[in-house]
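Take a look at the structure set out below.
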Amino acid sequence: MTASDSPGGWAGRLLAEGEDPDPRFTLANERTFLAWIRTALALIAGGIGLAVSGDLVADPLRTVLAVGCSATGALAALLAFRRWLTTERALRRAETLPPPALAPFMSYGLAALAVAALVALLVTR
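Going by numbering that gives the first Met the number 0, the first residue of the sequence shown is number 0, and it counts up by one from there.
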């Protein structure tokens with residue numbers, strides 16, 4: 000695609016760089032983005048579920064866990080697009096792909112939330 004064919008905005012700036020990569024790589028990048036979005040939606044749904052869980056977890060802790068899950072989901076959604084964009088840019092420029100900065104955060108964050116939820120369930124029962 001040439002610069003004159005590209006749309007405006009961020010998409011136009013992206014498409015004006017480098018060359019079109021193999022479509023399989025672009026589609027794999029999109030599938031990864033969608034997987035992060037599904038994870039973000041699951042975290043937000045988990046936060047909502049915790050918020051309405053009633054007597055399952057005591058109120059102050061329930062609110063903290065619900066906000067933590069929902070905020071982590073929102074952050075995952077925001078960072079998923081950034082990750083998609085930087086990966087797509089690297090593919091177009093034939094550069095080394097960026098390391099997955101979101102993965103360690105999600106792994107450790109989810110582990111901490113899971114431990115906190117487990118402790119909350121054990122302590123309040």
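All C-beta atoms in this analysis are idealised placements derived from N, C-alpha and C, irrespective of residue type, glycine included.
First and last residue of the alpha helix (DSSP H) that includes residue i?
| i | result |
| --- | --- |
| Pro103 | 101-123 |
| Thr62 | 58-92 |
| Gly48 | 22-50 |
Run the proximity test for residue i: is its beta-carbon closer than 6 Å to any non-hydrogen atom belonging to the ligand FAD?
| i | result |
| --- | --- |
| Ala15 | For the ligand FAD, the structure offers nothing, since it holds no ligand at all. |
So, helix, strand or coil for residue i, using DSSP?
| i | result |
| --- | --- |
| Ala15 | coil |
| Leu96 | coil |
| Gly7 | coil |
Have a look at residue i and residue j and give me their C-alpha separation to the nearest angstrom.
| i | j | result |
| --- | --- | --- |
| Ala2 | Pro22 | The predicted position of Ala2 is uncertain, since its pLDDT is 47 and thus under 50; no value can be drawn from it. |
| Gly8 | Asp58 | 45 Å |
| Leu40 | Cys68 | 10 Å |
| Leu90 | Leu64 | 38 Å |
| Leu125 | Thr86 | There is simply no residue 125 to check, as the chain begins at 0 and stops at 124 in what is shown. |
| Leu55 | Glu16 | 52 Å |
| Pro97 | Ala76 | 18 Å |
| Thr123 | Val66 | 19 Å |
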